[in-house]
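What follows is one structure encoded as structure tokens, with my remarks underneath.
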Ligand SMILES: *Cc1c(COP(=O)(O)O)cnc(C)c1O
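The following block contains the structure:
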């Protein structure tokens, strides 16, 4: 059979992530018509459980959640297209490659884009953010909750509060943390919060998820040229019928319903977040025990879903790629670091980084076993 060529690897990359068996099997549940009553059997509980994961009160009318065909980037681009008018400035706050992605999205969609960029591995300096908000008078600020290239978590509550104080609509990329750590949207008060299925939610890729506050919906009503698939108002009106704007992947919709029910009603949201914190601690402790390894992210800003690790002095990108192949032989997919970041670090003769993805449904036992195997391979670096 064709599939016999496919190797079963346990993924410890930063997305897509390892899938539980019940998630894999859920894609064999019945296909359905997306404008039929069967559709809501999947999307009604899925949307309700997404709200629970964001700690939103079921009756909180200020918030909506929608599902868009595509991925995290689709949801991010919908925010750029729908929330910033042509003449308005978008301030993109970046601490790495995914913050840069938001800047690119603003640029290629013809917005006036300004960037406040911090060094990779750093977090956002609030005084500099305040200065940039004053200097550029943006209409929209984008930021990254969890920077996947460096494993840095930003204080989005503080950032959104600052933006709101200047009358700026904050938009948050929560792609690699939602489902693995608290988003607390009612407290944080972003205008919109984007995520995707294939990271901490423990599902295959294929849907972007977007939480929309009423302030953002009101703003979108005043923005022209929102596109079609990127129009938050069109996406919202479908979501209010528990539907998607365009035909969804039915297999993924089945998996989404099954997995979100598991997360909210079986594992429990708090247990899930606690488990991710334990995975972070376990990884940090292990790094501390390894000679020559160091954590990239500063204390108190370390991600619960992934850890970036500085490799021993003198390690090359090629050596990390070789390490990846040796881990493959052990049945794992190792993450040799974010390509562009490592190319830059290597050119500057700084230590290169590898990453350990510990998001979704990875257990402490799985992670411990992985780290033990990695430790053996690291000896030959
Ligand atoms: C993965 C990722 C993205 C891109 O998401 P896609 O689903 O691949 O479009 C954006 N932002 C962050 C922080 C990510 O980790």
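Residue numbers (the numbering used here): -3 to 377.
We put the beta carbon where it would ideally sit given N, CA and C, even for glycine.
In the DSSP assignment, find the beta strand (DSSP E) that holds residue 297 and state where it starts and stops.
Going by DSSP, residue 297 is part of no beta strand (DSSP E) at all; its letter is neither H nor E.
Distance, Cα to Cα, residue 93 vs residue 337?
Each residue's Cα considered, the two are about 8 angstroms apart.
Determine the DSSP secondary structure at residue 368, reduced to helix, strand or coil.
The three-state reading of DSSP puts residue 368 in helix, counting H, G and I together.
Name the one or two DSSP bridge partners that residue 209 has.
BP columns for residue 209 point to 59.
Select from 190, 236 and 254 the residue whose C-alpha is nearest the C-alpha of residue 20.
That would be 254, whose Cα lies nearest to the Cα of residue 20.
How many whole angstroms separate the CB atoms of residue 49 and residue 184, which I take to be in contact at a CB cut-off of 8 angstroms?
Not really, about 14 angstroms apart at Cβ, beyond 8 angstroms.
Extent of the continuous alpha helix (DSSP H) run through residue 155:
Here the alpha helix (DSSP H) through residue 155 covers 152 to 161.
Please confirm whether any heavy atom of ligand 1 lies closer than 6 angstroms to the CB of residue 172.
Proximity of the beta carbon of residue 172 to ligand 1 is indicated: a heavy atom of the ligand is located closer than 6 angstroms.
Between residue 7 and residue 361, what straight-line distance do the alpha-carbon atoms span, to the nearest angstrom?
Rounded to the nearest angstrom, the two C-alpha atoms are 14 angstroms apart.
For residue 302, which beta-bridge partners are listed by DSSP?
When beta bridges are read from the DSSP output, residue 302 appears opposite 353.
With distances taken Cα to Cα, identify the nearest neighbour of residue 240 among 246, 121, 14 and 231.
Of the candidates 246, 121, 14 and 231, the one whose C-alpha sits nearest the C-alpha of residue 240 is 231.
Consider the C-beta atom of residue 179 and the heavy atoms of ligand 1; say whether any pair is separated by less than 6 angstroms.
Not under cutoff, so the answer is no.
Would you report the Cα separation of residue 383 and residue 165, rounded to the nearest angstrom?
Nothing in the structure corresponds to residue 383, since the chain is present only between -3 and 377.
Residue 64 Cβ short of 6 angstroms to ligand 1 heavy atom set:
Residue 64 Cβ: outside cutoff for every heavy atom of ligand 1.
Does the beta carbon of residue 350 fall short of 6 angstroms from some heavy atom of ligand 1?
False, no ligand heavy atom lies under 6 angstroms from that Cβ.
So who's on the other strand from residue 90, going by DSSP bridges?
Beta-bridge pairing links residue 90 to 113.
Taking 7 angstroms as the CB-CB limit, is residue 20 close to chain C?
Checking the listed chains, one finds no chain C in this structure; it contains a single protein chain.
When a residue counts only if its C-beta is closer than 7 angstroms to some heavy atom of ligand 1, which residues count, in chain order?
Output, sorted by chain position: 10, 11, 67, 68, 69, 70, 72, 94, 97, 140, 142, 143, 144, 169, 171, 172, 192, 194, 195, 201 and 204.
Whose CA, out of 127, 29, 78 and 39, lies closest to the CA of residue 251?
Ranked by how close their Cα comes to the Cα of residue 251, the residues 127, 29, 78 and 39 have 39 in first place.
When the Cα atoms are used, what is the spatial distance from residue 179 to residue 51?
A straight line joining the alpha-carbon of residue 179 with that of residue 51 spans about 7 angstroms.
What are the boundary residues of the alpha helix (DSSP H) that residue 280 is part of?
Element bounds for residue 280: 265 to 285.
Quick one, are the C-beta atoms of residue 300 and residue 176 less than 7 angstroms apart?
In terms of Cβ geometry, residue 300 and residue 176 form a close pair [threshold 7 angstroms].
Minimum C-alpha distance to residue 306 - residue among 286, 57 and 192
Of the candidates 286, 57 and 192, the one whose C-alpha sits nearest the C-alpha of residue 306 is 286.
Where residue 1 falls, given that 16 or more other Cβ within 10 Å makes a residue buried:
By the neighbour-count rule (16 or more Cβ atoms within 10 Å), residue 1 is not buried but exposed.
Pair every Cβ in the segment 153 to 171 with every Cβ in the segment 356 to 372, then say whether three or more of these pairs are closer than 8 angstroms.
Taking a contact to require three or more Cβ pairs closer than 8 angstroms, the segment 153 to 171 and the segment 356 to 372 do not qualify as touching.
Would you grab the beta carbon distance between residue 105 and residue 76 for me? Rounded to a whole angstrom, and I think it's under 8 angstroms.
With 8 angstroms as the limit, residue 105 and residue 76 qualify as a contact, their Cβ atoms being about 5 angstroms apart.
Own chain, CB closer than 6 angstroms to residue 332, minus 5 neighbours either side, in chain order:
Hits under 6 angstroms: 316, 317, 320 and 350.
Are residue 200 and residue 248 touching if we call contact CB-CB under 7 angstroms?
Yes, they are a contact pair.
For the beta strand (DSSP E) that contains residue 166, what are its first and last residues?
Per DSSP, residue 166 belongs to the beta strand (DSSP E) from 165 to 169.
Check each candidate in 245, 209 and 160 and name the one with the smallest Cα separation from residue 60.
Minimum Cα distance to residue 60 is reached at 209.
When DSSP labels each residue in this structure, what does residue 15 get in the three-state scheme?
Here residue 15 sits in coil by DSSP.
Roughly how many angstroms lie between the CA atoms of residue 369 and residue 352, to the nearest whole one?
When rounded, the distance between both Cα atoms is 13 angstroms.
In angstroms with no decimal places, state the Cα-to-Cα distance between residue 191 and residue 167.
Using only the alpha carbons, I get a separation of about 11 angstroms.
Compute the Euclidean distance between the alpha carbons of residue 243 and residue 30, then round it to the nearest angstrom.
Spanning the two alpha carbons is a distance of roughly 6 angstroms.
Should residue 198 and residue 357 be called a contact, given that it needs their Cβ atoms to be closer than 7 angstroms?
Judged by beta-carbon spacing, residue 357 lies within the 7 angstroms limit of residue 198, meaning their Cβ atoms are closer than that value.
Could you have a look at residue 45 and say whether DSSP puts it in helix, strand or coil?
Three-state DSSP puts residue 45 in a helix.
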